[in-house]
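Colleague: Mind looking over this structure? Questions follow.
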Amino acid sequence: MVNTRTDADLSAAVQNALQTLLLQIRAEIREEFRTSSGPSDTGENPPPTRLVVYKFEGNALAWWKAYKQAKGGDAWLITVTWADFKKLFFLQFFPRAEQERLKREYHSIRQTSTETSTEFMQRFIRLAGFLGTAVGTEEEQAKNFQWGLR
3 MVNTRTDADL SAAVQNALQT LLLQIRAEIR EEFRTSSGPS DTGENPPPTR LVVYKFEGNA
63 LAWWKAYKQA KGGDAWLITV TWADFKKLFF LQFFPRAEQE RLKREYHSIR QTSTETSTEF
123 MQRFIRLAGF LGTAVGTEEE QAKNFQWGLR
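Convert by adding 2 to the 1-based position in the sequence shown; the result is the number in my numbering.
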């Protein structure tokens, strides 16, 4: 049998196959992230923890590697819930003074004269996301939002 393919043909075929494979892998990762319920179907969600750390760089990456190793490495990692991870991360990279500043900003938030209602809502939601349960009940949040509108 004679090989009639050129190197360019082979290279193009490999590139096409790789692109297809990468799309499939990305889809599988997204599906795992979306549907995973963690070990023993506890309802917790360790996969977001494992996936989010892939984005770490610099100081965050160095901190995470050292912290994970000190706690037991990958064996410990599979036991970490998303809530636990967020708490650890916030303690390390979200100083108390900054939390207090954002809390004051949230409780005194007002729509500026140049801000659309959509922009105000986005700022309000961003602040609320940082503060977690400190923002109060849904009813309290709604009142605070309405109070801040012009």
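A virtual CB, placed ideally from N, CA and C, is assigned to each residue, including glycine.
#1: Could you check whether residue 130 and residue 113 sit closer than 8 angstroms to each other, using their CB atoms as the reference points?
#2: Kindly give me the distance between the Cβ atoms of residue 65 and residue 94, rounded to whole angstroms, as I take these residues to be in contact under 8 angstroms.
#3: May I ask you to report which of helix, strand or coil DSSP gives residue 58?
#4: Hey, residue 108 and residue 137: beta-carbon distance below 8 angstroms or not?
#5: Pull up the distance between the alpha-carbon of residue 9 and that of residue 15, whole angstroms please.
#6: Between which two residues does the alpha helix (DSSP H) holding residue 127 run?
#7: Taking the alpha helix (DSSP H) that residue 143 belongs to, which residues open and close that run?
#8: What separation, rounded to the nearest whole angstrom, lies between the Cα atoms of residue 80 and residue 118?
Modeller: Once the coordinates are examined:
#1: no
#2: 6 angstroms
#3: coil
#4: yes
#5: 10 angstroms
#6: 119 to 133
#7: 140 to 150
#8: 43 angstroms
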